[in-house]
Amino acid sequence: MRLIAVLIVAGALWSGELLTNGGFEEPLSVGWTKAQYGANILIERSTGHHPDPDYEVYIYKGDGRGYGKIYQTVNITTLDLRFQAQLRFITYASGGTAWAAAALVISYLSSSNTILGETRICNKTTYCPWRNSSRLHLINAPIGSWNHFEFNIDEELVNLPGVDPSQIAKIRIAVFDTCYDC
61 MRLIAVLIVA GALWSGELLT NGGFEEPLSV GWTKAQYGAN ILIERSTGHH PDPDYEVYIY
121 KGDGRGYGKI YQTVNITTLD LRFQAQLRFI TYASGGTAWA AAALVISYLS SSNTILGETR
181 ICNKTTYCPW RNSSRLHLIN APIGSWNHFE FNIDEELVNL PGVDPSQIAK IRIAVFDTCY
241 DC
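Structure below.
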């Protein structure tokens with residue numbers, strides 16, 4: 061059985077520079093928290109993945125169950141925020157019901173850090189259980205090529221009818237890769 065999930069991000073930017081080190085120009089220890097579970101995980105920052113000379117973050121999760129991610133949470137005072145990112149996905153799973161997925165996750169949190177809903181710009185293999193719902197909006201991205209994503213958070217929330225925008229006090233951004241091999 062072979063599982064691979066790779067997500068390369070060439071920058072996650074917001075109007076007003078909401079994120080600390082959103083362009084990954086400083087070491088990942090500046091602004092970002094790393095988390096991982098399982099084996100065959102690589103989280104690195106380098107300049108060799110995107111055609112521009114700037115830094116990107118590369119997260120790889122190979123065979124076996126687990127995940128690798130980096131994330132940060134920020135307080136917000138408005139939902140009128142423009143988000144943009146350059147993303148490249150590579151996901152692959154073979155054998156049985158194994159699956160792999162990668163996503164740039166935007167979580168909408170209450171003041172007490174309860175996740176109210178999420179937007180995931182993602183690529184996933186066939187058996188991945190992620191599905192759209194009133195609190196989860198999946199934006200499916202193609203595999204292999206660099207793609208630019210840009211939208212306003214206030215407008216994106218229309219896709220999450222189960223989320224009360226007045227309750228959103230924070231946003232968490234995560235770059236996330238996962239594999240499941242049952």
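Under this note's numbering, the residues of the sequence shown are numbered 61 to 242, in order. Cβ coordinates follow ideal geometry from the N, Cα and C atoms, glycine included.
Beta-carbon separation (whole angstroms), residue i vs residue j, contact threshold 8 angstroms
i	j	result
residue 220	residue 194	7 angstroms
residue 187	residue 157	5 angstroms
residue 88	residue 130	6 angstroms
residue 134	residue 230	6 angstroms
Candidates the options, of which the one nearest residue i by Cα
i	options	result
residue 98	140, 156, 125	125
residue 201	189, 191, 182	182
residue 176	80, 115, 223	223
residue 197	78, 165, 79	165
residue 173	136, 110, 112, 96	136
residue 199	112, 145, 111	145
residue 171	215, 226, 189, 127	226
residue 189	215, 77, 161	161
Check whether residue i and residue j have beta carbons under 8 angstroms apart
i	j	result
residue 206	residue 184	no
residue 141	residue 228	no
residue 163	residue 191	no
residue 213	residue 149	no
residue 139	residue 209	no
Contact with chain D by residue i, beta-carbon distance below 8 angstroms
i	result
residue 204	Looking for chain D here will not work: only one protein chain is present.
Residue i, enclosing beta strand (DSSP E) - first and last residue
i	result
residue 215	Counting along the chain, residue 215 falls outside any beta strand (DSSP E), though it belongs to the alpha helix (DSSP H) covering 213-216.
residue 237	230-240
residue 227	No beta strand (DSSP E) contains residue 227, which DSSP labels as neither H nor E.
residue 197	196-200
residue 105	101-106
residue 165	159-169
residue 117	116-121
residue 143	142-154
residue 124	First-last for residue 124: undefined, no H or E at that position.
residue 185	Element bounds for residue 185: n/a, residue is neither H nor E.
residue 98	93-98
Own chain partners of residue i with C-beta closer than 7 angstroms, once the 5 adjacent residues on each side are dropped
i	result
residue 100	121, 122, 123, 124
residue 104	118
residue 240	125, 158, 159
Cβ neighbours of residue i in the same chain (closer than 6 angstroms, five flanking residues each side left out)
i	result
residue 167	175, 178, 232
residue 236	129, 163, 165
residue 247	In this structure the chain extends from 61 to 242, so residue 247 is not present and cannot be described.
residue 81	90, 91
residue 96	128
Contacts around residue i, its chain only, beta-carbon distance under 8 angstroms, and the 5 residues preceding and following it disregarded
i	result
residue 93	130, 131, 132
residue 203	149, 150, 151, 183
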